[in-house]
Each structure stands twice: as C-alpha cells, then as structure tokens.
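This report refers to the structure that appears directly beneath it.
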Amino acid sequence: MDIGLVGLGVMGENLALNLERNGFSVAGFDLDARKRDNFAQRTQGLRAQASSSLADLVASLSVPRRVWMMVPAGVAVDQVLAQLTPLLSPGDVLIDGGNTLYTDTQRRIDALRASGILYVGSGVSGGEEGALRGPALMPGGSPEAWPLVKPLLQAIAAQAEDGQPCCEWMGPGGAGHFVKMVHNAIEYADMQMICEAYAFMQKLGLSATEMGEMFASWNEGELGSYLINITAQILQHTDPETGAPLVDMILDTAEQKGTGKWASQVALDLGVPAPTIAEAVFARTLSAIKTERVAAARVLNVPPTTPWPERNAVLNQLRGALMAAKVCAYAQGFALLRAADREHQWQLPMAQVAKVWRAGCIIRAHLLEDIRRAFQTQADLPNLLVDPYFARVMADSQQDLREVVAAAALRGVPMPAFMSALSYFDAYRSERLPANLLQAQRDYFGAHTYQRTDRAGKFHTRWGH
Ligand code: 6PG
C-alpha cells in the first residue's frame with residue numbers, strides 16, 4: 000500500500016478516501032474495531048484495506064513507509080507514536096495531521112531524530128468536506144520527508160482558481176503546525192467579526208432572513224469568502240420543529256479547542272501585537288459565562304436608544320467596516336508568522352502561506368490572492384497594512400469602521416473585535432504614542448529609567464522633587 004492512515008474518525012476516513020480517489024492505495028487502522036469495520040465497508044472494491052493492527056498496517060506498506068496519523072492532538076499522538084515507531088525503519092515518514100501545538104511537533108521531531116524516522120507536522124484545514132474533496136495542507140518538519148510525501152499531499156489538496164495545489168512546504172520543525180495555528184487564529188477573528196456584524200444588524204432591526212440576504216450579497220463582492228457564504232446559509236436555515244430561524248434556537252455560549260488561545264499566548268510571548276485575535280478568544284470565553292451574564296443583564300443598564308440613520312447607508316458602512324477590520328486581523332496573523340519566523344529561523348514562505356490558504360481551508364477568501372500578491376512583491380513586508388494595495392483598502396474603508404464602532408459604542412452593541420481592529424490600526428499608524436508618559440510613570444515609581452528623544456542613553460529623574 001502507498002500509505003497508512005491511523006485514526007479513522009471522519010477526518011481520517013475522508014482523507015483516506017481522497018487519497019484513494021487520487022490513485023493511491025491506502026491501509027487504514029483505528030483502535031476502535033467498529034471504525035475499522037466501517038472503513039472496510041466504505042472502501043469495498045477500492046484500493047484500500049482495513050488493517051487489523053498497527054503491525055499489520057506497517058507490514059502492508061511499500062518502503063519508505065508513509066504513515067499519516069489523524070488522531071486527537073495531545074497524548075493520543077504520543078501513544079500512537081510509542082506503538083508505531085518500533086515498527087518503522089530509518090527513512091520512513093510519519094505525518095501528524097491533527098491540530099497539534101507546534102512545540103509538541105518540534106519535540107517529537109527531536110525525539111525521533113536518532114531513529115532516522117522522518118516526521119511531518121501538517122496543518123489540515125477544511126473540515127470533513129475538505130478532507131474528502133480537497134483540504135488546504137500546511138506541512139512542515141523533516142525536510143527530507145517533503146519529496147516523499149509531496150506527490151500524495153499535493154494530489155489530494157484543494158486547487159486554487161489558478162490550478163495551483165493548496166499545499167506547500169512551510170519549513171522545518173513545527174513550522175507547518177505553527178502556520179495552521181495562525182490560520183485558526185485568523186479564523187477565530189474572522190468568525191467573531193462576522194458574529195459582531197450580525198449582532199449589529201440585529202440591533203438595527205434586520206430579520207434573520209434579511210441578514211442572510213445581506214451576507215449573501217456581500218459574498219458576491221470583495222468580502223467573498225467561505226465564512227461569509229456559510230453565514231448567509233446559516234441565517235436562512237429554518238428550524239423544522241419551531242419554524243423559527245434555527246440560529247435563534249442555538250445557545251449563545253461558544254466553545255473552543257485551544258488553537259486561538261495558543262496563538263494569543265505565543266503573540267504575548269513574542270511581543271507581537273495581535274489584539275483582535277486575542278479579543279476573539281476572550282469573546283468566546285465571555286460568551287461562555289452565560290449565568291453571570293444573565294444576572295448582570297438585570298443589574299447593568301443599556302444606553303438609551305439612539306435613532307439610526309438610514310438603514311441602507313448603515314449597512315453599507317458595516318460592509319466597509321468588516322473589510323477594514325478583517326484586513327487588520329490578517330495583518331496581525333501575518334505579523335505573528337513573521338515574528339515566529341525570525342525567532343525560529345524557519346524561512347517561512349509568506350507568499351506561499353497566503354497561496355495555500357486561497358482554497359480548501361476555512362479562511363479561504365478573495366482577499367488571500369491580494370495578500371499573496373503583497374508578499375510576492377515584497378517578501379520582507381513588515382505589515383500588510385503598509386502594502387500599497389491594503390493601505391488603499393484601509394484608506395477607503397477606515398471611515399466606515401469608525402462610524403460602525405462609534406454607532407455600536409453609542410448603542411451598547413459589544414463589538415470587541417471591530418473595536419480592537421480600529422485601535423490596532425490607529426496605534427500602528429501613530430508616529431507618536433503616549434508611551435512617553437508611561438515610561439515616565441515607570442521611572443517615577445520604580446526608577447526603571449527612560450530614553451530621550453533628543454539624546455542617547457538611559458535617564459532617571461527624581462520626579463516630584
Ligand atoms: C479547519 C478548522 C478545524 C477545526 C477548528 C475548530 O481549519 O478546518 O480550523 O481545524 O474546526 O480547530 O476549532 P475550535 O473548536 O477551537 O473552534
């Protein structure tokens with residue numbers, strides 16, 4: 000068999016079927032016998048087989064062996080590795096396709112180095128549908144593994160409009176999983192901003208159907224993206240039992256598995272401003288304290304209703320504001336990639352990252368081709384906001400963002416991601432920030448010293464004397 004797939008949950012099974020459809024023979028294994036049986040049934044008549052054990056799977060593979068793990072990130076990966084690695088030989092390749100923390104991938108690569116087993120940590124995006132029809136793949140790890148897995152991974156990946164596969168080598172160590180983590184962080188921000196636009200529209204008095212139509216029309220323009228498209232569909236979906244829009248029947252407490260939190264933690268560690276990403280994570284945590292919110296709603300007053308300007312004008316501003324806020328969130332994500340790249344010396348191919356995200360993944364959007372072009376033109380671009388194209392987008396839409404943020408603030412609509420995006424933009428474009436005063440305060444109470452604008456050196460003042 001060309002490849003072994005360990006973990007036959009929906010993602011693993013769909014990836015196996017995708018590989019088979021593209022001409023590769025696949026051996027599948029799962030600890031759960033029912034999943035193995037299910038796989039055997041689903042692959043009847045195909046170039047695929049369910050293996051009865053890991054040893055059986057390994058024995059069926061052509062050399063060098065390629066084994067793709069699709070098991071939950073964390074201890075499960077270490078457990079599979081403990082059983083699998085004694086069965087493998089130098090030059091064999093292991094792929095972890097879960098949402099693994101990039102430092103775990105680095106640790107596993109280091110642990111396997113002496114054995115000669117090659118290790119790839121690959122981001123896989125696109126959910127069940129993507130796994131089956133074409134995901135975006137972000138592999139990184141042992142560089143010698145890339146030629147061995149490239150034909151398979153590029154064959155099953157989604158294709159962008161220009162026919163290019165959404166799968167490129169991201170770099171050594173944990174680079175692939177880092178890129179996937181940032182993908183998810185942008186996904187968090189993107190989703191949160193769409194949800195805030197929805198809350199704003201609700202306050203404006205639109206029905207779910209009207210909102211669905213609005214998102215559908217936005218999807219035709221520069222905001223066109225997978226997430227806007229599914230939002231339009233979600234808002235137009237009726238609950239068969241109640242006849243109400245199904246979205247209205249869903250409990251408003253968001254869950255999360257950790258990738259957005261990791262990205263925010265790494266941003267803090269690396270000293271990269273990524274406030275919109277962090278706000279998106281905090282918005283989920285705030286939503287989750289529902290009982291407290293319900294109690295607080297009884298005590299804390301809402302601002303008096305302010306009349307709205309003409310509805311269509313406001314909705315147009317909201318569209319522009321969403322675009323501007325989205326650019327700020329992407330700028331933060333790419334700045335995080337840039338900083339990690341410098342820290343780890345991965346040589347991340349920034350244009351390729353944007354290229355890979357153009358199709359198959361959850362954050363796929365028209366915008367990504369413009370981002371790819373920006374990094375293609377200037378590989379060392381410090382921030383997307385200063386790329387001439389995006390500077391123009393911000394010039395055209397920043398007023399909309401200001402109007403929407405102000406309108407939301409006046410009416411008590413919580414829009415933390417929009418608001419932080421605007422603050423990020425205003426701070427980033429400020430030649431002078433009030434940090435001079437902050438430094439003076441630090442020096443006042445802690446003799447932490449400060450630098451001057453007019454001469455070099457460190458200074459301390461006995462303030463108040
Ligand atoms: C993807 C998704 C996928 C998963 C998220 C969900 O790219 O296909 O990002 O990886 O749906 O991890 O994450 P949360 O449960 O944290 O929202």
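For the sequence shown, numbering that gives the first Met the number 0 begins at 0 and goes up steadily by one.
Using N, Cα and C, we set each Cβ at its ideal position, and we do this for glycine too.
Straight-line Cα distance separating Ile193 from Val403 | Ile193 has its alpha-carbon roughly 13 Å from the corresponding atom of Val403.
* Considering only C-alpha positions, which residue in the set Met393, Lys202 and Asp238 is nearest to Pro302? -> Closest option to Pro302, Cα to Cα, is Lys202.
Can you list, in chain order, the residues of its chain whose CB lies under 6 Å from that of Arg371, leaving out five sequence neighbours each side?
Correct list, in chain order: Ala350, Ala353 and Lys354.
With contact counted as at least three CB pairs below 8 Å, one residue from each stretch, are the segment 331-346 and the segment 436-452 in contact?
As far as the Cβ criterion goes, the segment 331-346 does not touch the segment 436-452, which means the pair count is below three.
**Prompt:** In the structure shown, what three-state DSSP assignment does Met418 receive?
**Reply:** Met418 carries a helical assignment under DSSP once its states are collapsed to helix, strand and coil.
**Asked** Would you call the CB atoms of Gly211 and Leu226 closer than 8 Å?
**Response** No, these two residues do not count as a Cβ contact at 8 Å.
Apart from the five residues on each side of it in sequence, which residues of its chain come closer than 6 Å, Cβ to Cβ, to Phe424?
Counting only Cβ-Cβ distances below 6 Å, and skipping sequence neighbours, we find Cys327.
Beta-ladder partner(s) of Asp95, from DSSP:
Residue pairing of Asp95 in beta bridges, as defined by DSSP: Met68 and Gly120.
Exercise for the section: With a cut-off of 8 Å on the beta carbons, I'd call Asp36 and Met68 a contact; round off their distance for me. Expected result: In fact, because the Cβ distance is near 20 Å, the residues do not count as touching under 8 Å.
Near Glu167, which residues of its chain fall below 6 Å by C-beta distance, leaving aside the five closest residues on each side in sequence? Excluding positions up to five away in sequence, the list reads Gln351 and Val355.
Is the closest heavy atom of ligand 1 to the C-beta of Gln255 under 7 Å? Because some heavy atom of ligand 1 lies under 7 Å away, the Cβ of Gln255 counts as near it: yes.
- Query: Can at least three beta-carbon pairs, one atom from the segment 275-293 and one from the segment 377-384, be found at a separation below 8 Å?
  - Reply: Cβ pair count under 8 Å is below three, so no.
Just curious, the beta strand (DSSP E) that Gly139 is in, first and last residue?
Run containing Gly139: Ala135 to Gly140, per the beta strand (DSSP E) assignment.
Practice prompt. Following the continuous alpha helix (DSSP H) through Ile362, name the residue where it begins and the one where it ends.
Written response: Per DSSP, Ile362 lies in no alpha helix (DSSP H) and is assigned neither H nor E.
Note to self: Rounded to whole angstroms, what is the Cα-Cα separation between Cys360 and Ala446?
What the structure shows: Using only the alpha carbons, I get a separation of about 50 Å.
Check your understanding: Pairing CB atoms from the segment 111-126 with CB atoms from the segment 166-185, are three or more of them under 8 Å?
Key -> Contact between the segment 111-126 and the segment 166-185 is present, because at least three Cβ pairs lie under 8 Å.
Alpha carbon to alpha carbon, how far is Thr448 from Phe458? Give it in angstroms, no decimals.
Thr448 has its alpha-carbon roughly 5 Å from the corresponding atom of Phe458.
Who does Leu4 pair with in a DSSP beta bridge?
Leu4 pairs with Gly27 and Trp67.
Inset, instruction - Pair every Cβ in the segment 230-249 with every Cβ in the segment 385-399, then say whether three or more of these pairs are closer than 8 Å. - result: The segment 230-249 is not in contact with the segment 385-399.
* Asked: Below 8 Å between beta carbons: does that hold for Leu366 and Lys325?
  -> For Leu366 and Lys325, yes; Cβs fall inside 8 Å.
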